[in-house]
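Input: a single structure, listed below in structure tokens.
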Amino acid sequence: MASESQENVKGLKKVWGWVKGCFEKMVNVVTGFAKEAKKLGEEDPRRVVHSFKVGLAITLVSLFYYFDFSYEGFGVNAMWAVMTVVVVFEFSVGATLGKGVNRAIATLLGGALGVGAHRLASFTGEKIESAATTFIRFFPKLKARYDYGLLIFILTFSLISVSGYRDDEVLDMAHRRLSTILIGGSVTVFISIFICPIWAGEDLHKITAANIEKLATFLEGFGREYFRVENDKNQENKASLDEYKSVLNSKGSEDSLVNFAKWEPRHGKFRYRQPWDQYLKIGSLTRECAYKIDALNGYLKSDVQTPIEIRSKIQETCTKMSSECSVALRELAVGIKTMTCSLSADPHLLNAKTAAKKLKSLLKTNLWPETDLLEIVPAVTVVSLLIEIVSCTVKITDAVHELASLSKFKIPDPQMIKQISLDKTPRTPSLEASHNFNIIVE
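Residue numbers for the sequence shown follow our numbering, so the first one is -5 and each next one is one higher.
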């Protein structure tokens, strides 16, 4: 009896341990999910607002399905309004407008051709329209902005044309579906624009300035780290030097934001025909500079470093180039952010070009006599990369000035520029923390 009771106790302990383990796992999953949700909300509170906006839109549109008077008018087709909200409502206004317009026009055209499919079939056959539309989706320009609309066109055309052979009320079916989609799309667009709107153009504008700022942050700290001007090579400085890496993979998000921004109406300081393509040009030049900085960073983190005796002879000019380019890029970033002409960036850019010319002339002289060639090559490569970065900075400056001209940026007061220049004379590495941008792209 004692042995049986002990076995029962052991069995109960095993069961209890299993139940306790499962409960702890469930608690960990729930708490982990809650922490992740809290983190996402803190990173960008607009995500929480967007969730409530989608819920509000679905609630309003669902009334057409639950109320008897609307259900009798639309029937089961009222569900198309709810589906439209779920499919069309995107994070930004531009993405929502793009999908909404594509869905409405595609449904109208697809329904119209579907109704007349039995007549068109005698000439081309109903499969020709779908096949032709599918082929059109491969055109790059159409795929970028109208791919969703072409897909909805094929779906609507197929549904209407197939049901046309079995149902005499094709016109009524097409009318109800188009009406419910227009209702759902209208509610979605109204809430997206007028309730805490999220503008893709504004996000693109900020992320462009932020990417230029990240390049400036690296160049500002490069001279200190490479030539070891200071002995405070802590982890915080190293982390700030790696911020530029996010710029390397920014093309996809920038392309999407430009596509969405073109759908958006005039808002804030952004005009109706804002030169969004110019932002793509600036982004491309910024990535070009970031790739050169990435190569430069490789020499900064190399296990085999150039002797300090060799680096000391190019320290002054290299530090001058990197610091002046950093200041110029930072001025451009601030100018984009405030939508003012960056007049104060040109003098720093001129100083960087002068330092580059001086360094080129120094390289033509015998800087390192009786020195092993293999020890000189890394230093010469660093110099070459810095000169290329100066050239990239010039291109970025020209592109930003062109954007300022096309967008009609404000011209700042000369006295204000002078005061800002005086305030920024004693620059410190900690200044990079004064310009922060929290951009989330979906």
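All C-beta atoms, glycine included, are put in the ideal place defined by N, C-alpha and C. Keep in mind the model is a prediction, meaning the values are calculated, not measured.
For Phe403, same chain residues with a beta-carbon under 6 Å away, outside a window of 5 residues either side, are Met333, Thr334 and Cys335 in chain order.
Counting along the chain, Tyr285 sits inside the alpha helix (DSSP H) bounded by residues Trp270 to Leu294.
By the Cβ test, the segment 208 to 224 is in contact with the segment 322 to 329, since at least three Cβ pairs between them sit closer than 8 Å. Per DSSP, reduced to three states, the secondary structure at Phe264 is strand.
In the DSSP assignment, Thr334 is bridged to Lys404.
Non-local beta-carbon contacts of Lys29 in its own chain, meaning distances under 6 Å to residues more than five positions away in sequence, are absent. In this structure, Glu219 keeps its C-beta atom at 8 Å or more from the C-beta atom of Ile304.
Between the beta-carbon of Val87 and that of Ile192 there is about 6 Å, and that keeps the pair under the 8 Å contact cut. Beta-carbon to beta-carbon, Ala100 and Ile146 are separated by about 4 Å, close enough to satisfy the 8 Å threshold. Counting the other Cβ atoms within 10 Å of the Cβ of Thr359 gives fewer than 16, which makes it exposed. Looking at the backbone, the Cα of Glu37 and that of His44 are separated by about 14 Å.
Our two residues, Gly15 and Phe83, have alpha carbons roughly 41 Å apart in a direct line.
Ranking Lys307, Ala349 and Ala398 by CA distance to the CA of Ile381 puts Ala349 first.
A Cβ-Cβ contact shorter than 8 Å links Ala284 with Tyr238.
Of the candidates Ala106, Thr300 and Arg267, the residue whose Cα lies closest to the Cα of Arg222 is Thr300.
The beta-carbon distance between Gly49 and Arg41, rounded to whole angstroms, is 13 Å. This is too long to meet the 8 Å contact definition. For Thr202, the three-state secondary structure derived from DSSP is helix. For Gln272 against Glu396, the beta-carbon gap comes to about 6 Å, under 8 Å, which counts as contact. Straight across, the Cα-Cα distance linking Ala346 with Leu356 is about 15 Å.
When secondary structure is reduced to three states using DSSP, Asn243 falls in the coil class, being assigned neither helix nor strand. In the structure shown, the three-state DSSP call for Phe46 is helix. Here Ser86 carries a coil assignment [DSSP, helix/strand/coil].
If you check the CB distance, Thr90 and Val183 come in under 8 Å. The beta carbon of Leu326 lies closer than 7 Å to those of Ile206, Ser336, Ala339, Ile390, Thr391 and Val394 in the same chain, with the five residues before and after it left out. A buried status is given to Ala255, since no fewer than 16 other beta-carbon atoms sit within 10 Å of its beta-carbon. When the alpha-carbon of Glu310 is set against those of His261, Gly246, Gly217 and Ser247, the nearest one is in Gly217. Put simply, of Val328, Ala398 and Ile308 the residue whose alpha carbon is nearest the alpha carbon of Val377 is Ile308.
Rounded to the nearest angstrom, the Cβ distance from Lys245 to Gly195 is 18 Å, too far for a contact under 8 Å. The residues Arg171, Thr174 and Ile175, in chain order, have a CB closer than 6 Å to that of Trp74 in the same chain once the five nearest residues on each side in sequence are set aside.
Thr300 carries a coil assignment under DSSP once its states are collapsed to helix, strand and coil.
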